[in-house]
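Shown next, in structure tokens, is the structure this report addresses.
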Amino acid sequence: MGLDTVETILWAEQEFGIEIPDADASSIRTVGEFSSYIHKRLLSINAHTLHSESKVLESIKAYLVTHVGVRPELIIRKAEFVKDLGLD
30 MGLDTVETIL WAEQEFGIEI PDADASSIRT VGEFSSYIHK RLLSINAHTL
80 HSESKVLESI KAYLVTHVGV RPELIIRKAE FVKDLGLD
């Protein structure tokens, strides 16, 4: 897992107040898997979370555009972080 990926995981932990174990993080390949994982973690903490999966996805997109420099049109659910978005 490269620096961009680690920083994205750390951002998500802070942004959503969750912990993402290394074993889980290393198995996440796509933007969609990442947003689903975060949403499920939020639901496991609070079944009435205000974060819908679409809101989680929008937050991830905003982060990737602003902090990593990924072009917005590349950020789709099936996009792989390393292969399609160029995260190291």
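Note that our numbering has the sequence shown beginning at 30, numbered continuously upward. Built from N, CA and C at the ideal position, the CB exists for glycine as well. In this text the structure is predicted, and so the values were computed from the model without any measurement.
### Message
Among Val60, Tyr66, Leu39, whose alpha-carbon lies nearest the alpha-carbon of Glu102?
### Response
Locating residue 102 in the sequence shown gives position 73, where the first residue counts as 1. Closest by alpha carbon: Val60.
### Message
Using the Cβ count rule (16 or more neighbours within 10 Å means buried), how would you classify Val111?
### Response
Numbered from its first residue, the sequence shown carries residue 111 at position 82. By the 16-neighbour rule on beta-carbons within 10 angstroms, Val111 is exposed.
### Task
Taking Ala52 as part of the alpha helix (DSSP H), name the residues at either end of that continuous run.
As a working mapping, residue 52 is identified with position 23 in the sequence shown. It spans 51-56 - the alpha helix (DSSP H) in which Ala52 sits, taken as one unbroken run.
### Minimum C-alpha distance to Ser81 - residue among Glu109, His96, Arg106, Lys69
By one-based count along the sequence shown, residue 81 stands at place 52. Per the Cα distances, Lys69.
### Task
Mind listing, in chain order, the continuous beta strand (DSSP E) runs of no fewer than 3 residues lying wholly within the region 31-81?
none
### Message
Under 8 Å, with one C-beta from each stretch per pair, do the region 87-96 and the region 70-79 reach the 3-pair mark?
### Response
no
### Query
In whole angstroms, what is the alpha-carbon distance linking Leu25 and Val97?
Nothing about residue 25 can be read from this structure; the chain reaches only from 30 to 117.
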